[in-house]
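*Asks:* Per our numbering, residue 5 is the first one in the sequence shown, and the count goes up by one each step.
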Amino acid sequence: IGRQSVPVAVIPESRGMLSVTVEQLAEHIGGQWVLDPVNTDAPVERVMIGGNILDEGPTYFGRYANQAVITRVERPDIQMACMGGGTRCLVLTGPGEPTEYIKAEALQREVPLIQVRTNTHDTAESLSGLLDKADARTAAKAAHFAELLERWMGADSVNSLLS
């Protein structure tokens, strides 16, 4: 193929190509918006559980971009710790209401709050099948794929394919 002037490249796996949106996640788990929803089209590439973590919040939750965090509604300490950085939404589990302080912080930081009545374990289990809703035919994923092509093939090779 290379001898026939067809550019060849290896593009590593990218979680961004298999992400779902905050809205798709909320619909899949049957969640209710605690506040008026914002950033519902934000990508979710991974889900983290906010349990009994031993690291500081920013260290634990700041490792990844584009994450959803599942934690109990009565854990405002974990909720606050995860709202910085790459958290795209917070899934609050169990009965009860989030504190007013959490609502205010989520509103200010534009982090959607989704509430489900199930416990954290059952909520995590309900994510099975979520990736079936991932659609590669979105404008954001097309732009992401173009970035991957340019990064791993180079602009000249991409342009030669398009011409």
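Heads up, the beta-carbon is just placed ideally off N, CA and C, and yes, glycines get one too.
From G54 to D160, what distance separates their C-alpha atoms?
*Replies:* What you label residue 54 is simply residue 50 of the sequence shown in a count that begins at 1. What you label residue 160 is simply residue 156 of the sequence shown in a count that begins at 1. Per the coordinates, the alpha-carbon of G54 lies some 44 angstroms from the alpha-carbon of D160.
*Asks:* Is it the case that the stretch 23-30 contacts the stretch 131-145, given that we only count it when at least three CB pairs across the two stretches are under 8 angstroms?
*Replies:* Pairwise C-beta distances place the stretch 131-145 in contact with the stretch 23-30, as three or more of them are shorter than 8 angstroms.
*Asks:* Under 8 angstroms: do the stretch 143-162 and the stretch 106-123 share three or more Cβ pairs, one atom per stretch?
*Replies:* no
*Asks:* Take Y105 and list the residues in its own chain whose beta-carbon comes closer than 6 angstroms to its own, dropping the five residues that flank it on each side.
*Replies:* Translated into positions along the sequence shown, residue 105 becomes position 101. Taken in chain order, the list of residues that qualify is empty.
*Asks:* Would you grab the beta carbon distance between R50 and Q71 for me? Rounded to a whole angstrom, and I think it's under 8 angstroms.
*Replies:* As a first step, residue 50 is located in the sequence shown; it is residue number 46 there, counting from the start. As a first step, residue 71 is located in the sequence shown; it is residue number 67 there, counting from the start. Contact flag correct, Cβ pair sits at about 5 angstroms.
*Asks:* Per DSSP, R50 is paired with what?
*Replies:* Numbered from its first residue, the sequence shown carries residue 50 at position 46. Per DSSP, Q71.
*Asks:* My output table needs one value for L94: the three-state DSSP class, helix, strand or coil.
*Replies:* The residue labelled residue 94 in the question sits at position 90 within the sequence shown. Note: L94 maps to strand in three-state DSSP.
*Asks:* Quick one: Cα of A110 to Cα of M87, how far?
*Replies:* Counting from one through the sequence shown, the residue named residue 110 turns up at place 106. Counting from one through the sequence shown, the residue named residue 87 turns up at place 83. Between A110 and M87, the alpha-carbon positions lie close to 7 angstroms from each other.
*Asks:* L152 and Q119 look like a contact to me (Cβ under 8 angstroms); what is the Cβ gap, rounded to whole Å?
*Replies:* The count along the sequence shown starts at 1 and reaches residue 152 at position 148. The count along the sequence shown starts at 1 and reaches residue 119 at position 115. Going by Cβ atoms, the distance from L152 to Q119 rounds to 35 angstroms, so no, they are not a contact pair.
*Asks:* How should V10 be labelled, buried or exposed, when 16 other C-beta atoms within 10 angstroms of its C-beta is the threshold for buried?
*Replies:* Locating residue 10 in the sequence shown gives position 6, where the first residue counts as 1. So V10 counts as exposed.
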